[in-house]
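Colleague: When we follow the UniProt record's numbering, the leftmost residue of the sequence shown carries the number 1, and every step to the right adds one.
Glycine included, each C-beta is placed from N, C-alpha and C at the ideal position.
Just so you know, these numbers come straight off a predicted model, no measurement behind them.
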Amino acid sequence: MTYKNYLIKLNNMKKVFFLPISLLIPIIFIFAQWTEPVKIWKYGVAYFQPNASHLFVKDTLGNLHLGWYDTSKDVYFCIRKQRYDGNQWFYDGTAYDQPENGSGYYRLSWMPTLSIDEDGRFLFLWESRQDGNFNIMGRYYDGSLLSSVFQVSFTSSYSWFPKSFYRNSKHHFIYSDDSTGVFNIYYGYFDSLVHTPSNITNSDENCLNYDFYVYPNEDISIIYTKNRNGYQNLYNKRRISNVWQNENLIFSFYSDVYYPNIISDGEKEFAVFTLISNGLSQLYLSKYLNGVWSTPKLLSDGNYNIYYPTGVILNDKLHLFYVSDSYFYGELFDLVYDIQKETVDSIKLIAHHDTSFIVTPQCIVDDNQNIHLVYILNDKTPPPDSGDSPNDIYWTYLQNSKKNDGKKDNKKPYSLIKYQSKLVFDFINSDSYYLSIYDVSGKTVGSFSCSSKRFTLDYSKFKSGIYFITVKEGDKRWKEKIFNIK
């Protein structure tokens, strides 16, 4: 079944109502106005961390940055990055790890994390096994020069799963290390150099599956799982006014917690995670307010397993993204939760693939309040001689329907009508405009000059996919998108 036929079938279906156990309200499954997912990396075997990888970040220059590790060649020279400038994705061609020691598996580089400042200077951290132990390595780009690889952790045991977060001229980071005999969480930061990480959990039980958030005042919240009564329960550790507080048990579960993520906008804070209930992995949400975590609320309906939850806050709505096995290979959904009403507004299907598994989605809100989502497609059955790889990266986004920048200079000098396979531009004035059309890879597929009040573009002969049009008048520029499905 093609993607187009799948959408047609879905749109012909009746809306489905169900009664979640926790909410006792009807929920409507609808198809959101997300763009068709586009493959932005197809040249290797790409991976994100399995939980809260902190690899999809933004600067204040209008760019989104995405990191990953790629094992198509080997387990080293595989830390990679690409950038989206608001129009297209660019791959910089750099393998950021530069292993100098060991051979084979002893040159391993994987599980990276990425943080970036306002001007695009970034820090990459990852795991390495060059000296026979797992240690955290790093590399920093200062805007003009890329540093050599430097070491962050210095233990003779295992340092795993780094996660970083930029705030106030510091690249804050955490990772786990078992030099005490169990895995504890270590915190440190990088400004112009690495400040020695310290053990902040000091536990005699393994602290695993963690995520963290740094507030504008540099208070820090960390959630993680730890054994309690034979189950992996969810805990919270906070730094307030530069002092680490005692850990708090968020809730006592008689089941294991998986995929915990912190979702915050700097004011509101939520923990989203899955919990095994009646034999299925279900979606739960807890809110932190005035020093107290709320009783976790069940958001899923109990009919299917839920995996890889993550999310963002936008316009007082919580967008929770997750993979459900309602279809064998998994489908990617956007659950919209009204924070004020504490109810679910809708559940929207974002992506479906007929022969491939969807895993590890990541999301971000750009400066125009559009939500961007990337995920790995684990293709088990690529077509023969297709050139496709087992693990590709896909990207989709949801345009902010309430966008209003309020700047007269940014007002579009035209109206636009879309019908069938045509775009009709009606310009307010008959000035000179220049239109450029390019695909998602950045390849130009057409350029036109227009000095009349109407311009019609017929894109019926374009290949399926997403295309962009820039309209230029002097030094001003506007952008449109073509969503072309055949």
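Hey, out of V445, L423, I466, whose CA is closest to R454's CA?
Modeller: As a position in the sequence shown, residue 454 is number 454, starting the count at 1. The option with the nearest alpha carbon to R454 is L423.
Colleague: Does chain D have any CB closer than 9 Å to the CB of V152?
Modeller: You won't find chain D in this structure, because it holds only one protein chain.
Colleague: Assign F270 to buried or exposed, taking buried as 16 or more other Cβ atoms, counted over all protein chains shown, within 10 Å of its Cβ.
Modeller: Start at 1 with the first residue of the sequence shown, and residue 270 comes out as number 270. F270 comes out buried.
Colleague: Assign Y105 to one of three DSSP states: helix, strand, or coil.
Modeller: Numbered from its first residue, the sequence shown carries residue 105 at position 105. Of the three classes helix, strand and coil, the one that applies to Y105 here is helix, per DSSP.
Colleague: Just to confirm my understanding: we take Y394, look at its own chain, exclude 5 residues before and 5 after, and list those with CB closer than 6 Å. What are they?
Modeller: Counted from its first residue, the sequence shown places residue 394 at position 394. Here the set comprises P37, K39, Y375, L377.
Colleague: Express the C-alpha separation of Q130 and N404 in angstroms, rounding to a whole number.
Modeller: Here residue 404 is taken as the residue at index 404 of the sequence shown, counted from 1. Here residue 130 is taken as the residue at index 130 of the sequence shown, counted from 1. A caution first: N404 carries a pLDDT of 44, below 50, which makes its placement in the model unreliable, though a value can still be read off. Distance between the alpha carbons of N404 and Q130 is about 51 Å.
Colleague: Using the three-state DSSP reduction, which class does I339 fall into: helix, strand or coil?
Modeller: What you label residue 339 is simply residue 339 of the sequence shown in a count that begins at 1. Coil.
Colleague: Report buried or exposed for Y414, applying the criterion of at least 16 other Cβ atoms within 10 angstroms of its Cβ.
Modeller: The sequence position of residue 414 within the sequence shown is 414, counting from 1. Label assigned to Y414: buried.
Colleague: On a CA-only basis, which of Q232, E267, N87, V257 is nearest Y213? Give me that one, please.
Modeller: Taking the first residue of the sequence shown as position 1, residue 213 is located at position 213. Here the closest residue by C-alpha is E267.
Colleague: Work out the CA separation of I358 and K42 for me, nearest whole Å.
Modeller: Position 42 of the sequence shown, counting from 1, holds the residue named residue 42. Position 358 of the sequence shown, counting from 1, holds the residue named residue 358. C-alpha separation (whole angstroms): 15 Å.
Colleague: Can you tell me whether DSSP reads S53 as helix, strand or coil?
Modeller: Locating residue 53 in the sequence shown gives position 53, counting from the first residue. Looking at S53 - three-state DSSP - the assignment turns out to be coil, as it is neither helix nor strand.
Colleague: Under the three-state reduction of DSSP, which class applies to Q98: helix, strand or coil?
Modeller: Against the sequence shown, residue 98 aligns to sequence position 98. Q98 falls in the coil class under three-state DSSP.
Colleague: Tell me whether the region 119-138 and the region 147-161 touch, counting them as touching only if at least three CB pairs, one residue from each stretch, are closer than 8 Å.
Modeller: At 8 Å Cβ cutoff, the stretches touch.
Colleague: Could you tell me the boundaries of the beta strand (DSSP E) in which D392 lies?
Modeller: Residue mapping note: residue 392 aligns to position 392 of the sequence shown, counting from 1. Here the beta strand (DSSP E) through D392 covers 391-398.
Colleague: Which residue marks the beginning of the beta strand (DSSP E) containing V445, and which one marks its end?
Modeller: The count along the sequence shown starts at 1 and reaches residue 445 at position 445. Here the beta strand (DSSP E) through V445 covers 444-450.
Colleague: From L335, L314, Y329, pick the residue whose C-alpha is nearest to that of D354; which is it?
Modeller: By one-based count along the sequence shown, residue 354 stands at place 354. Ranking L335, L314, Y329 by Cα distance to D354 puts Y329 first.
Colleague: Ignore the nearest five residues each way along the sequence and tell me which others in L457's own chain have a CB closer than 6 Å to its CB.
Modeller: Residue mapping note: residue 457 aligns to position 457 of the sequence shown, counting from 1. Contacts found: L423.
Colleague: If you follow the beta strand (DSSP E) that R167 is part of, which residue opens it and which one closes it?
Modeller: Position 167 of the sequence shown, counted from the start, is the residue given in the question as residue 167. From DSSP, the beta strand (DSSP E) with R167 extends over 159-167.
Colleague: Would you give the residue range spanned by the beta strand (DSSP E) that F468 belongs to?
Modeller: Position 468 of the sequence shown, counted from the start, is the residue given in the question as residue 468. Unbroken beta strand (DSSP E) run through F468: 465-473.
Colleague: Taking 6 Å as the limit between beta carbons, can you name the residues of its chain near H65, skipping five residues before and five after?
Modeller: As a first step, residue 65 must be located in the sequence shown, where it is residue number 65. Only V57, R83, I116 meet the Cβ criterion.
Colleague: Terminal residues of the continuous beta strand (DSSP E) containing C363?
Modeller: Taking the first residue of the sequence shown as 1, we reach residue 363 at position 363. Here the beta strand (DSSP E) through C363 covers 356-365.
Colleague: Inspect the CB distances between the region 196-207 and the region 249-263 and report whether three or more fall short of 8 Å.
Modeller: The region 196-207, when compared against the region 249-263, does not touch it at the 8 Å Cβ threshold.
Colleague: When you compare the CB positions of S159 and Y187, do they come within less than 9 Å of one another, or not?
Modeller: Here the question's residue 159 lines up with position 159 in the sequence shown. Here the question's residue 187 lines up with position 187 in the sequence shown. No, Cβ-Cβ distance for S159 and Y187 is not below 9 Å.
Colleague: Buried or exposed: which applies to Q340, given that a residue is buried once 16 or more other Cβ atoms fall within 10 Å of its Cβ?
Modeller: Counting from 1 along the sequence shown, the entry for residue 340 is found at position 340. Q340 should be labelled exposed.
Colleague: Counting along the chain, where does the beta strand (DSSP E) carrying K268 start and finish?
Modeller: For the purposes of this step, residue 268 is identified with residue 268 of the sequence shown, where counting begins at 1. Note, K268: premise wrong, no beta strand (DSSP E); not H, not E.
Colleague: Let me know the secondary structure DSSP gives R83 once reduced to three states.
Modeller: Within the sequence shown, residue 83 is the residue found at index 83, counting from 1. In the structure shown, R83 sits in a strand (DSSP, three-state: E or B).
Colleague: If I313 and T274 are in contact, beta carbons under 8 Å, what's the gap, nearest whole angstrom?
Modeller: To locate residue 313, count along the sequence shown from 1; it is residue 313. To locate residue 274, count along the sequence shown from 1; it is residue 274. Their Cβ separation, rounded to whole angstroms, is 20 Å, which puts I313 and T274 out of contact at 8 Å.
Colleague: With a 10 Å radius around its C-beta and 16 neighbouring C-beta atoms as the bar for buried, classify F253 as buried or exposed.
Modeller: Translated into the one-based positions of the sequence shown, residue 253 becomes position 253. Classification for F253: buried.
Colleague: Apply the 10 Å Cβ neighbour rule to Y105 and answer buried if 16 or more other Cβ atoms are within range, or exposed otherwise.
Modeller: Locating residue 105 in the sequence shown gives position 105, counting from the first residue. With fewer than 16 Cβ atoms within 10 Å of its Cβ, Y105 is classed as exposed.
Colleague: From what residue to what residue does the beta strand (DSSP E) around P309 run?
Modeller: By 1-based counting over the sequence shown, the position of residue 309 is 309. Segment 306-314, the beta strand (DSSP E) holding P309.
Colleague: Looking only at C-alpha atoms, which of V182, T201, R80 sits nearest to Y91?
Modeller: Translated into positions along the sequence shown, residue 91 becomes position 91. When each option's Cα is compared against that of Y91, the closest is R80.
Colleague: Given this structure, state the Cα-to-Cα distance separating D301 from Y210, to the nearest angstrom.
Modeller: Counted from its first residue, the sequence shown places residue 301 at position 301. Counted from its first residue, the sequence shown places residue 210 at position 210. So the two alpha carbons sit approximately 26 Å from each other.
Colleague: Going by CA-CA distance only, name the one from Y76, S451, G279 that's closest to N429.
Modeller: Numbered from its first residue, the sequence shown carries residue 429 at position 429. With distances taken between Cα atoms, N429 lies closest to S451.
Colleague: Candidates S176, R239, K237: which alpha carbon is nearest L208's?
Modeller: Taking the first residue of the sequence shown as position 1, residue 208 is located at position 208. It is S176 whose Cα lies nearest to the Cα of L208.
Colleague: Just to confirm, are I262 and I223 a CB contact at a threshold of 9 Å?
Modeller: In the sequence shown, residue 262 corresponds to position 262, counting from 1. In the sequence shown, residue 223 corresponds to position 223, counting from 1. Contact: yes.
Colleague: So, at 7 Å on beta carbons, what are the nonlocal neighbours of Q282 in its own chain, with the 5 sequence-adjacent residues on each side left out?
Modeller: If you number the sequence shown from 1, residue 282 lands on position 282. Once the five neighbours on either side are set aside, the close Cβ partners of Q282 are T274, L275, L298, S300, G302, I306.
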